[in-house]
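Numbering (this note's numbering), first residue to last: 13 to 165.
Beta carbons are placed, not taken as given, at the ideal position from N, Cα and C, and that holds for glycine.
No experiment lies behind these values; they were computed from the predicted model shown.
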Amino acid sequence: MTLLRQTLVTVALCTVLAASAFAQNAKEVRGGNPYATIQNEPAPKLIVDPPLADGLAQGLFWAQFRVENVRIVPVFGEAALDVSPRIGHLHINVDDLPWLWADSSNLNTIDIAGFPAGKHKVKIELADANHKPFPGQVVTLEFTVPEHAGMSH
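In structure tokens form, the structure reads like this:
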């Protein structure tokens with residue numbers, strides 16, 4: 013085998029091995045399929061990024077989120093608790109007001125408009141289909157809307 017051919021074979025083999033080392037199958041990326049019950053599902057997890065400064069400058073709260081081991085869908089009620097893969101939604105509360113709302117849109121970003129200047133907080137909680145919070149899956153973001161903030165639209 014010539015040196016050039018040996019080098020090309022080595023490069024090709026290394027490329028295939030490197031690609032397969034990083035390849036993930038569909039289940040690893042998207043989670044379980046809807047046709048099979050997942051045994052011993054790992055606990056759900058909520059991950060929320062800090063609010064975007066560009067939004068706060070306009071009195072807007074924009075925070076991206078993602079979840080693991082749960083699907084955000086608009087399905088509610090006792091019967092939905094047995095669905096596998098597990099389903100849920102978000103509960104969102106602003107400034108400790110006595111009410112909250114459920115968000116089942118899974119749009120990847122929480123969008124709340126009309127914040128006046130000053131300190132605020134948004135509490136985001138991951139809940140099951142029967143509105144019971146998953147243990148430990150709450151994120152509270154505290155932030156300040158600048159004095160000059162105003163709605164631009």
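By the Cβ rule, the segment 119-135 does not count as touching the segment 34-47, because fewer than three pairs are nearer than 8 Å.
In the structure shown, the three-state DSSP call for lysine 39 is helix. Straight across, the Cα-Cα distance linking tyrosine 47 with valine 95 is about 10 Å.
Histidine 101 has Ala139 as its beta-bridge partners, per DSSP. In this structure alanine 92 touches alanine 141 by the C-beta definition: roughly 3 Å separates them, less than 8 Å. The three-state secondary structure of alanine 125, taken from DSSP, is coil.
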